[in-house]
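Take a look at the structure below.
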Ligand code: SF4
């Protein structure tokens, strides 16, 4: 343990002074060493049930900061512009007057024929911040995209659905964030006709997670990809990207169609992959590009990754990189540019691509074709020059009424992550940032879901709105079903950790409930509240198949949670509704209860771990173990009501796994301390 000198302690006391009002907002704040509570005025100030968001800024929904971390000195400040500054030709915006607290009253209306044609060439409405806006637009204009509806003050069914799924946001706030370009609702009109459940991506909402899948030329099938799709949805993916490159043109098309028809989450693709099936990269023409984009839009794809930011002038910056261009789309387009000696066709065709995407309300995920593929290449000229171009493309897409998010790196040292998030916020005017990881180290292949979710947590805290998962197979092969699960869970952890730190209201509720269940030693509730109950239950029962006042980690005598719970002066372990109900009928407060037999999923988890023999797993599945004497109608001999030190010691020694960690610390196994 590091000892502080007296003088250091004194300096700390001064440095950690509490702003006035913070201690009142949270009576548990220690006035000498309390958190600074920068976000102390946010809607989640109460300690009960949610997070104070201590170090994050006060939320600014409807403003440039939304949920944001404080800027480290030197960080780029947010852009003062939004999508309102990039209206289509013939549109104007006037701020009428400020009308605090007024309700939305859009003056737009649809004609009686139901054609969607607007009866007037102006719309007036009040924003969620009480600002009265007057918008004019060319007569006869028909809104198609979520962005266009938002600009007219219209709250679509999808915006209302998003507000239901993000309880801290009102439908008006969702509309305003979409209108500002800081939030997208990727919902192709065709996909809305199938099973799509509208969601949003933006830093005013909870952090989202994307899972990639798709057939490669050497592995997988449509059935396998559909199985992965359902698996990704089960494990919390908010969107899925079909990155298929195998199966031939027909197989690719069928796979995409099947995924779109079966998914409840938005589907993204990289259309250039299909464009070069059966064709040399050099033979790509504008006609092929536009035809494929139209085809996939008609199929119902919700967002397209288009690498239009890779410009001819940027390629000279790639020369000195350790690993060149690692984006598939980026490398294909770079080859095309160099072969033809011309500008990136995606850049040249941008307005035509926008026109197609607007018709179906496909959102852009503007690709970062020059993202770094290793730490050494991070934040270099190639990457930053491309990002500037992406800012320009964002503005142009907004002028065409198309929703935009922006893709980001990749591989970034931990200390550069905040800068990377905040430079995007500035150059792309707050358009949602969708980042791949980033990996914060390159030397752990096989564990890149971990190296990257460390970076992803920092990225989300500093501004990324969606995290593209990385699986253990990253850089090594095509992810299988279990890799998809591992990647999804790693990224749900990253997203949730960032949301808690940002102080998004109610994001900590489940953590706090689980803590109460854990304190009460209520194992059933503990597992119910955990993200993966099967794993939690199986791991617990691997050592001890009775829910009682300790687990195999420390054993009865050393269980601090049990001891705390027994101290009457402590609130710990005594939250209402969290006490374990045990006994034979599961109706005796605090009594131990024999756990249910392991399910087949839980057995499989233990079999994969290889700790228990098949016979032992079978015994757990059929409940023949009587580890702590919790026979029908009897409490376990080790339960705190029956403290019998000899019995507890015997159970611990005989029934539990080896708890002595001395060998792991290279000390004699009889060491009395360990
Ligand atoms: S035995 Fe240890 S790990 Fe298990 S509940 Fe008690 S304190 Fe927690």
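In the numbering used here, the protein residues as written are 477 to 1150. Where is the CB? At the ideal position from N, CA and C, for every residue including glycine.
Inset, instruction - Report whether the distance from the Cβ of residue 1069 to the nearest heavy atom of the ligand SF4 is below 7 Å. - result: no
Legend entry - Distance between residue 1065 and residue 1043 (C-alpha atoms, nearest Å): 17 Å
Legend entry - residue 883 in three-state terms, based on DSSP: strand
Inset, instruction - Specify which residues have a beta carbon nearer than 5 Å to any heavy atom of the ligand SAH, listing them in chain order. - result: The ligand content of the structure shown is limited to the ligand SF4, which means the ligand SAH is not among them.
Legend entry - Unbroken stretches of the alpha helix (DSSP H), 4 residues or longer, contained in the stretch 831–883: 857–875
Inset, instruction - Inspect the beta-carbon positions of residue 775 and residue 732 and report whether they are closer than 8 Å. - result: yes
Inset, instruction - Enumerate in chain order the residues of its own chain whose CB-to-CB distance from residue 883 is below 6 Å, with the five nearest sequence positions on each side excluded. - result: 841, 843, 844, 910
Legend entry - At least three beta-carbon pairs within less than 8 Å, the stretch 761–768 to the stretch 699–707: no
Inset, instruction - Grab me the residues of residue 657's own chain with a C-beta within less than 6 Å of its C-beta, minus the 5 sequence neighbours each way, in chain order. - result: 558, 559, 874, 907
Inset, instruction - Can you check DSSP and say which residues form a bridge with residue 688? - result: 717
Legend entry - Alpha-carbon to alpha-carbon, residue 1079 and residue 1090: 9 Å
Inset, instruction - Please list, in chain order, all residues of the same chain as residue 597 whose beta carbon is under 7 Å from its beta carbon, the five residues on each side excluded. - result: 612, 613, 614, 615
Legend entry - N-terminal and C-terminal residue of the beta strand (DSSP E) that residue 699 is part of: Run containing residue 699: none in the beta strand (DSSP E); it sits in the alpha helix (DSSP H), 698–710.
Inset, instruction - Output the distance between the C-alpha atoms of residue 737 and residue 942, rounded to the nearest integer angstrom. - result: 23 Å
Legend entry - residue 895: first and last residue of the uninterrupted alpha helix (DSSP H) it sits in: 893–903
Legend entry - Simplified DSSP assignment, three categories, for residue 960: helix
Legend entry - Same chain, Cβ closer than 8 Å to residue 1010, five either side skipped, listed in chain order: 1075, 1077, 1078, 1081
Legend entry - Cβ pair residue 634, residue 599 closer than 8 Å: no
Inset, instruction - Label residue 718 either buried or exposed according to how many other C-beta atoms from any shown protein chain fall within 10 Å of its C-beta, with 16 as the threshold for buried. - result: buried
Inset, instruction - Out of 781, 570, 859, 885, state which residue places its alpha-carbon closest to the alpha-carbon of residue 940. - result: 885
Inset, instruction - Pull up the DSSP beta-bridge partners for residue 536, would you. - result: 542
Inset, instruction - Could you give the DSSP three-state label for residue 531: helix, strand or coil? - result: coil
Inset, instruction - Confirm, please, whether the CB-CB distance from residue 863 to residue 899 is below 8 Å. - result: yes
Legend entry - Span separating the alpha-carbon of residue 810 from that of residue 1092: 58 Å
Legend entry - Contact set for residue 544: own chain, Cβ-Cβ below 6 Å, skip 5 residues either direction: 533
Legend entry - Paired residues, beta bridge with residue 1020 - DSSP: Answer is none; residue 1020 lacks a bridge partner.
Inset, instruction - Please confirm whether residue 715 and residue 746 have their CB atoms less than 8 Å apart. - result: no
Inset, instruction - State the CB to CB distance for the pair residue 892 and residue 855, rounded to an integer number of angstroms; the pair is presumed to be in contact (CB under 8 Å). - result: 5 Å
Legend entry - Three-pair Cβ contact test at 8 Å for the stretch 627–647 versus the stretch 953–967: no
Legend entry - Proximity below 8 Å, CB of residue 927 to CB of residue 915: yes
Inset, instruction - Tell whether a beta-carbon distance below 8 Å holds between residue 858 and residue 790. - result: yes
Inset, instruction - Since I believe residue 802 is in contact with residue 847 (beta carbons under 8 Å), could you give me their beta-carbon distance rounded to a whole number of angstroms? - result: 7 Å
Legend entry - Residue-chain proximity (residue 603, chain D), Cβ-Cβ < 8 Å: No chain D is part of this structure, which consists of one protein chain only.
Inset, instruction - Sort out for me which residues DSSP pairs residue 1050 with in a bridge. - result: BP columns for residue 1050 are empty, so no partner.
Inset, instruction - Kindly list the residues whose CB is nearer than 8 Å to the CB of residue 1102, restricted to its own chain and excluding five residues on each side of it in sequence; keep chain order. - result: Bear in mind that the predicted position of residue 1102 carries a pLDDT of just 49, short of 50, making it too unreliable to give a figure here.
Inset, instruction - Could you check the C-alpha separation between residue 887 and residue 1034 for me, to the nearest Å? - result: 43 Å
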